[in-house]
Amino acid sequence: MTYGNYRQISEECLVREARAASYFMETLYGIATVKIRGMVGIRGAHWLNMKIDAINSGIKLTRMDLLFGGINTFVTACDQIVILWLGAGLVIDNQMTIGMFVAFSSFRGQFSERVASLTSFLLQLRIMSLHNERIADIALHEKEEKKPEIEIVADMGPISPETNGLSYRYDSQSAPIFSALSLSVAPGKVWL
């Protein structure tokens, strides 16, 4: 129930949400291949499982937020009860006037609210470092070089494409459209 646990759950939530989004985008980019291979159902089920994992992580994070909020509310309520009890005792003993007590309670309430806001802001600031680390992983990653490993020689000379024994049919039950087709195109020639 510490900052470390909160940070770990926040990171888990971010990672799972990013994985689900990346998987979805990869599926969209390759949707033609996915449909041709008949993997729409499998990819959809896998993405749905990833999305459910991301939602479950979000629920864990929300639970922690609710727990921290509940603890904060409990501490604030106890604080108000103690101050009211002590202040009422001081007013009854004539050590403090009612006006002084009301003013003190008002200032104490403002102070407590501002300290709670500052604490919340500092926690959010520390959690922001998690986002900064994820962005730094991308931004500071070494740039990939687009150079091929094998040097390509630009001056290869003329080429002559050739194929032998080429056949084609629509499916395994139909007759071939063509078979044993051989084709050779001489360098510099165009065949249409």
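Those letters in the sequence shown? Residues 1 to 192, by the UniProt record's numbering. C-beta atoms are modelled at their ideal positions from N, C-alpha and C, and glycine is treated no differently.
Rounded to whole angstroms, how far is the Cβ of residue i from the Cβ of residue j, which I believe are closer than 8 Å?
i: residue 64; j: residue 23; result: Rounded, the Cβ-Cβ distance is 26 Å, inconsistent with contact.
i: residue 87; j: residue 101; result: 5 Å
i: residue 112; j: residue 76; result: 6 Å
i: residue 176; j: residue 184; result: Rounded, the Cβ-Cβ distance is 21 Å, inconsistent with contact.
i: residue 163; j: residue 182; result: 7 Å
i: residue 9; j: residue 61; result: 5 Å
Under 8 Å, do residue i and residue j count as touching if we go by C-beta distance?
i: residue 91; j: residue 81; result: no
i: residue 130; j: residue 12; result: no
i: residue 54; j: residue 114; result: no
i: residue 72; j: residue 116; result: yes
i: residue 83; j: residue 43; result: no
i: residue 169; j: residue 14; result: no
i: residue 187; j: residue 159; result: yes
i: residue 33; j: residue 47; result: no
Checking contacts by CB at 8 Å: is residue i closer than that to chain B?
i: residue 144; result: Here there is only one protein chain, and chain B is not present.
Around the Cβ of residue i, are there at least 16 other Cβ atoms within 10 angstroms (buried) or fewer (exposed)?
i: residue 20; result: buried
i: residue 126; result: exposed
Which stretch, first to last residue, makes up the alpha helix (DSSP H) that contains residue i?
i: residue 28; result: 3-29
Residue i lies in the beta strand (DSSP E); which residues open and close that run?
i: residue 174; result: No beta strand (DSSP E) holds residue 174; DSSP gives it neither H nor E.
i: residue 167; result: 162-168
List in chain order: all unbroken alpha helix (DSSP H) runs of 4+ residues lying wholly within the segment 90-137.
-> none
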